[in-house]
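Visitor: My questions will all concern the structure given below.
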């Protein structure tokens, strides 16, 4: 079987399907969202874990898990989305752990970020880079 | 899509006193982001589940604020402490004002 | 899953053609449904399929998270469709005051049906897909309106009927009255369509395992249909997927439910004879 160079360039150029999420005019930036969450307090790196796939097969449904021992609440952000906020998770008195999993939308390759508010009032963060692939076959 | 929203919850039927159990929840909902355009070229208005809570015998387990970046058919998995027999109550709040509820009893034995 | 392979066909390397790109083996993994039912996702190809020696379910070509999502009905968002259809199954519709359940009792009575689809109907004198059998029941016995091929109600019902055959091997008949349909489907499978002049075989027989841009090409098996596509966040029918594939060759596509796609469905289904029914499955 032979594929000409031209055929393959056409496949390459034409088959892409972007996730269309145009920027909203009112979109809050990651920095603004973090500042609103922390009230401007310093945020330490580490102490919490954010698990996300290295490569998301499709940006529409990306599984993520945050584990923030000792946290009272966690801000989840997708720093490359037109609106960076994803969720705020508050752990109640009967939470069995400080972990939660969900599925999120990512518009493109970017860092997913979690900022945790600890019981003592301090803040910690974790980041994970997720590559979002753009498939060749729209179907 | 409010009329199509259907919650699904997975909770063990029994536990030991004080045991930590894992709960999974899923609700069928389109989670329209407000960022997409319809075939007429106009933006499709946002319509999402904006809050999800789980309580046990009136005490909170988890309380989540959802933004449009949560995927279609919102899914949450988390852990809960079970101090005694009782009932988990799950509540999803829709942008359109609808509230969807589900309950699951658990027996401590 | 190997990260570097994702880049296989992107950009300039695309100009070198498929031969120069990296190959990622189908994931070495076992699908056990709900921790209970072992699925056959890999098996020896039937002898009437010349171009394949080993069959692989499309499940093997997906990433870890996607594979895990399908392994548990609770995690599988496609199963929501089967659950919705379970309600519809028991709900009367049409002039005769009947529900599916009136004649067929529980949906579990449909176990095995999906393995034989599509199937030649002596009564109708034609090749019938699952969708056609469902509509035959609706119009001729329930006095209800036919569902559109890609109506949510229809796709959900095919998900329910498929779900009760999960773990059973696909076994469509290709001889006797089915033979001419099978020949027609085979002819289509190897015919190049569209401005890109691509046949089904160019991607799914000659190049499964390779990447077409960032898509890991599968064998194009249909034992997992209907599939919950992460891209669409909903269930998709076999013919809807065929339509997308043919469109991607830049051809005028056939319509879902057309005689061409029915024949193609039979042929493609026969290429997966021996693989477990997986529908509703999860794909990208």
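Residue numbers (this note's numbering), protein chains in the order written: chain A, -16 to 122; chain B, 1062 to 1170; chain C, 24 to 307. Using N, Cα and C, we set each Cβ at its ideal position, and we do this for glycine too. Here the structure is a predicted model, which means the values were calculated and not measured.
1. Tell me the residue span of the beta strand (DSSP E) that contains residue 1088(B).
2. Counting only runs of 3+ residues fully inside the segment 241 to 274 of chain C, write out the beta strand (DSSP E) ranges in chain order.
3. Indicate the three-state DSSP secondary structure (helix, strand or coil) for residue 291(C) in the structure shown.
4. Contact criterion: CB-CB distance below 8 Å. Does residue 94(C) meet it with respect to chain B?
5. Whose Cβ in chain A lies nearer than 9 Å to the Cβ of residue 1126(B)?
6. Using beta-carbon positions only, say whether residue 2(C) and residue 200(C) come within less than 8 Å of one another.
7. If you draw a straight line from the alpha carbon of residue 182(C) to that of residue 240(C), how long is it in whole angstroms?
8. If you drop the 5 nearest sequence neighbours on each side, which residues of the same chain put their C-beta closer than 8 Å to that of residue 286(C)?
9. Tell me the DSSP bridge mates of residue 108(A)?
10. Closer than 9 Å, Cβ to any Cβ of chain C: which residues of the segment 83 to 108 of chain A, in chain order?
11. List the residues of chain D whose Cβ lies closer than 7 Å to the Cβ of residue 43(A), in chain order.
12. Using CA coordinates, which residue listed in 34(A), 38(A), 25(A), 120(A) is at the minimum distance from residue 86(C)?
13. May I ask which residues mark the beginning and end of the alpha helix (DSSP H) holding residue 21(A)?
14. Thinking residue 137(C) and residue 194(C) are a contact (beta carbons under 8 Å), I'd like their distance in whole angstroms, please.
15. Could you say which of 76(A), 77(A), 32(A) lies nearest to residue 58(A) if we only look at CA atoms?
16. Does any C-beta atom of chain A lie closer than 8 Å to the C-beta of residue 109(C)?
17. Taking residue 304(C) as the reference, give the member of 50(C), 77(C), 83(C), 47(C) with the closest Cα.
18. If distances are taken between C-alpha atoms only, which option among 94(A), 86(A), 103(A), 107(A) comes closest to residue 113(A)?
19. With a threshold of 6 Å on Cβ separation, who are the neighbours of residue 252(C) within its own chain once the five nearest residues in sequence on each side are excluded?
20. Using only the alpha-carbon positions, how far apart do residue 145(C) and residue 296(C) sit?
21. Measuring only between beta-carbons, confirm whether residue 1132(B) sits less than 8 Å from chain A.
22. Can you tell me whether residue 213(C) is helix, strand or coil according to DSSP?
23. With contact counted as at least three CB pairs below 8 Å, one residue from each stretch, are the segment 104 to 111 of chain A and the segment 1107 to 1126 of chain B in contact?
24. Just curious, the beta strand (DSSP E) that residue 86(A) is in, first and last residue?
25. List, in order along the chain, the chain B residues whose C-beta lies closer than 8 Å to that of residue 97(C)?
26. Are the CB atoms of residue 271(C) and residue 120(A) within a distance shorter than 8 Å?
27. Note down, in chain order, each residue of its chain lying with its Cβ closer than 7 Å to the Cβ of residue 56(C), except the 5 sequence neighbours on either side.
28. Counting only beta-carbon atoms, is residue 5(A) nearer than 8 Å to chain C?
29. Cα separation between residue 105(A) and residue 112(C)?
30. DSSP puts residue 1101(B) in a beta bridge; with which residues?
Guide: By the coordinates alone:
1. 1080 to 1088
2. 250 to 252, 257 to 259
3. helix
4. no
5. 68, 70, 71, 72, 73
6. The first residue shown for chain C is 24 and the last is 307, placing residue 2(C) beyond what the model contains.
7. 24 Å
8. 150, 204, 205, 207, 208, 211
9. 28(A), 98(A)
10. 86
11. No chain D is present in this structure, whose protein chains are A, B and C.
12. 38(A)
13. 13 to 21
14. At roughly 10 Å, the Cβ-Cβ gap does not stay under 8 Å, so residue 137(C) and residue 194(C) are not in contact.
15. 32(A)
16. no
17. 83(C)
18. 94(A)
19. 259, 306
20. 22 Å
21. yes
22. coil
23. no
24. 78 to 87
25. 1069, 1071, 1085, 1087
26. yes
27. 62, 94, 189, 190
28. Its pLDDT being 44, under 50, residue 5(A) is placed unreliably in this model, and the value from its coordinates should be taken loosely. It does not; no Cβ of chain C falls within 8 Å.
29. 54 Å
30. DSSP lists no partner for residue 1101(B).
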